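First residue of the sequence shown? That's 3 in the numbering used here, and the numbers climb one at a time after it.
Every residue, glycine too, gets a C-beta built ideally from N, C-alpha and C.
Remember, predicted model here, so these are calculated numbers, not experimental data.
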Amino acid sequence: MQTPLKIAVVGSGLVGSLLAIYLKRAGHTVHVYDRSPDIRTIRFSGRSINLAMSHRGWRALDDVGLGDEIRKIGIPMEKRAIHLIGQPLNYQYYGSEGESIFSISRGVLNREMINLAEAEGVDFFFETKIWDVTMADATLHAGEEEKGPWEDLKYDIVFGADGAFSRIRHRMQRQSMFNYSQEFLNTGYKELNIPSNPDGTHKLDKNSLHIWPRQDFMLIALPNLDGSFTCTLFMPFEGENSFESLKDKETLETFFATHFPSTIEVIPNLVEDFFKNPTSTLVTMKCYPWTYKDKVALIGDAAHAIVPFYGHGMNAGFEDITILNQLMQQYGDDWEAIFKEYQVSRKPNADAIAELSYRNFMEMRSKTADAGFLLQKKIEKHFSEKYPDKWLPLYSRVTFSFRPYAEALALGDHQKAIMDEIMLMDNIEQKWDSKEVEDKILELLNTH
3 MQTPLKIAVV GSGLVGSLLA IYLKRAGHTV HVYDRSPDIR TIRFSGRSIN LAMSHRGWRA
63 LDDVGLGDEI RKIGIPMEKR AIHLIGQPLN YQYYGSEGES IFSISRGVLN REMINLAEAE
123 GVDFFFETKI WDVTMADATL HAGEEEKGPW EDLKYDIVFG ADGAFSRIRH RMQRQSMFNY
183 SQEFLNTGYK ELNIPSNPDG THKLDKNSLH IWPRQDFMLI ALPNLDGSFT CTLFMPFEGE
243 NSFESLKDKE TLETFFATHF PSTIEVIPNL VEDFFKNPTS TLVTMKCYPW TYKDKVALIG
303 DAAHAIVPFY GHGMNAGFED ITILNQLMQQ YGDDWEAIFK EYQVSRKPNA DAIAELSYRN
363 FMEMRSKTAD AGFLLQKKIE KHFSEKYPDK WLPLYSRVTF SFRPYAEALA LGDHQKAIMD
423 EIMLMDNIEQ KWDSKEVEDK ILELLNTH
């Protein structure tokens with residue numbers, strides 16, 4: 003237990019609400035501010051990609067005894083289901099037997115997290131606009147308008163958990179020696195929906211993450227508890243096959259009939275959803291430092307927004323909390339030391355998962371449809387099952403372990419160099435599971 007402080011968390015999203023629970027458990031008074039209405043009172047807005055909870059996220063929840071409660075609202079996905087035109091459905095298992103990622107609705111999880119935080123005694127202030135922070139004394143400035151008048155809200159510590167376009171970070175950016183970059187993909191996304199069957203069952207296999215990879219664009223679908231799937235269409239904003247090109251009902255229906263024929267029967271509200279739901283952007287945001295003395299700290303997307311293609315935005319944000327909590331145990335009341343160590347520890351790993359997420363974007367939209375890539379995955383899986391101490395596939399290293407993201411990136415690059423050589427072997431398609439291939443991998447592991 004630390005000396006009780008008065009702490010503000012700006013942002014009532016997933017990271018903000020879980021952080022509030024941790025801080026409350028540590029003995030602090032915790033106030034959470036959000037400019038939006040209470041998510042529990044509104045219908046979710048149709049611009050979400052379902053979450054894929056994996057080991058890092060579960061650890062942060064299990065450490066405060068909330069994992070079992072949240073598992074009730076998740077569906078395990080043990081594999082990818084790859085939908086190619088004119089070919090049978092192809093399944094790719096994510097990890098070893100029994101390893102799954104969990105599909106969870108962002109809206110459902112966020113509501114649950116706020117309920118759990120309130121049950122701990124955290125106070126939430128919705129529809130409260132925080133425009134600025136005086137970093138020297140951790141004072142928030144709230145008001146209806148950006149130009150004032152403002153109310154001053156004094157705290158001992160302020161956490162910015164207010165997302166990729168954080169107001170708290172906006173203030174920090176105006177310091178000398180603050181590095182900041184943002185990079186938008188030229189690909190956007192739009193939410194669609196596969197409703198349940200009349201009896202409430204799922205129209206597609208519910209324990210799979212479904213992908214329709216089409217080179218420059220793709221559709222994915224993740225299951226919900228009510229039998230529906232949340233679908234996300236990822237496409238360039240402009241060009242031949244793009245959001246710009248799908249201007250009317252006829253063009254849209256022709257496009258789906260051509261490129262996603264297997265979805266025609268299962269997305270009955272395609273036209274309505276497509277033209278009603280917004281087209282959203284995808285951004286990678288990096289900055290440093292994340293903290294100011296012992297007064298202000300950024301966490302989650304406010305510190306490191308990433309594209310969603312590894313399913314690790316939330317998992318990485320939750321891992322921020324795990325590391326922060328470990329440092330609170332280690333350094334007690336020395337918040338300056340806690341913050342310093344927190345940003346030094348997390349920054350390289352945040353940069354690594356940003357890079358991995360971007361690469362997985364390339365993999366999902368095109369390589370999952372490539373026979374050579376599928377064969378490579380088969381070889382890796384076969385070898386790692388035989389030599390688990392020598393080879394852990396990159397996906398498993400990121401998703402089913404707690405090893406640092408930066409380590410996963412480096413070892414993944416090392417393994418890729420080896421697999422590039424293996425894939426050049428003569429007749430690799432015929433002898434992929436032979437002793438010759440095994441021996442070659444072992445040899446390359448020793449020489450690389």
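Beta-carbon proximity of residue i to residue j, cut-off 8 Å
| i | j | result |
| --- | --- | --- |
| Q417 | W434 | no |
| I340 | Y191 | no |
| P39 | F128 | yes |
| A352 | H306 | yes |
| M237 | S230 | no |
| E146 | K156 | no |
| I325 | R361 | no |
| G162 | V285 | no |
| Q4 | D335 | yes |
| R367 | M179 | no |
| L111 | I87 | no |
| V34 | V124 | yes |
| D158 | A140 | yes |
| S107 | T401 | no |
| I266 | C233 | no |
| I355 | Y389 | no |
| L446 | E409 | no |
| R42 | I116 | yes |
| D228 | S247 | no |
| F239 | N279 | no |
Chain-order list of residues whose beta-carbon lies under 7 Å from that of residue i (same chain, five-residue window excluded)
| i | result |
| --- | --- |
| Y294 | M137, M174 |
| E438 | none |
| F363 | V309, F311 |
| T283 | F186, G190 |
| H450 | H416, A419, I420 |
| E431 | L377 |
| G69 | W60, L63 |
| E357 | L411 |
| Y397 | Y96 |
| L235 | Y191, K192, L194, L221 |
| F404 | H57, R58, R61 |
| L413 | R399 |
| W152 | W133, H143, A144, G145 |
Beta-bridge partners of residue i, as assigned by DSSP
| i | result |
| --- | --- |
| Y191 | F236, S282 |
| D154 | H143 |
| L300 | G162 |
| D125 | H33 |
| K81 | Y95, S210 |
| A10 | H33, V160 |
| N181 | Y290 |
| R216 | F219 |
| F514 | Outside the shown range of the chain (3 to 450) lies residue 514, about which nothing can therefore be said. |
| L21 | DSSP lists no partner for L21. |
| S105 | A54, I77 |
| I2 | Past the boundaries of the shown model lies residue 2; the chain is included only from 3 to 450, so the question cannot be answered. |
| F186 | V285 |
Buried versus exposed, by CB contacts within 10 Å (16 or more), residue i
| i | result |
| --- | --- |
| D201 | exposed |
| P225 | buried |
| E114 | buried |
| D451 | As displayed, the chain neither begins before 3 nor continues past 450, which places residue 451 out of reach and without an answer. |
| Y344 | buried |
| P215 | buried |
| E99 | exposed |
| S168 | buried |
| I9 | buried |
| L91 | exposed |
| E382 | buried |
| G485 | The requested residue 485 does not occur in the structure, where the chain is confined to residues 3 to 450. |
| R399 | buried |
| I44 | exposed |
| L426 | exposed |
| A54 | buried |
| E321 | buried |
| N327 | buried |
| G319 | buried |
Residues near residue i by beta carbon distance below 6 Å, same chain, minus five either side
| i | result |
| --- | --- |
| F105 | Residue 105 is actually Ser in this sequence, not Phe. If we look at S105 and ignore the five residues flanking it on each side, its Cβ neighbours are N52, I77, M79, L224, P225. |
| V135 | L142, V160, I170, R173 |
| E148 | W133 |
Own chain residues within Cβ distance below 8 Å of residue i, not counting five before or after
| i | result |
| --- | --- |
| I323 | V17, L20, L21, Y24, A62, I301 |
| E387 | S98 |
| N209 | I77, P78, M79, E80, K81, S102, P225 |
| A304 | G13, G162, A163, D164, G165, A166, S168, I170, R171 |
| E338 | K295, D296 |
| V273 | K251, L254, E255 |
Beta carbon proximity, residue i to chain C, threshold 8 Å
| i | result |
| --- | --- |
| R58 | Here chain C cannot be found, since the structure has a single protein chain. |
Of all the alpha helix (DSSP H) runs that stay within the bounds of the stretch 347-398, which reach a length of 4 or more residues? 373-388
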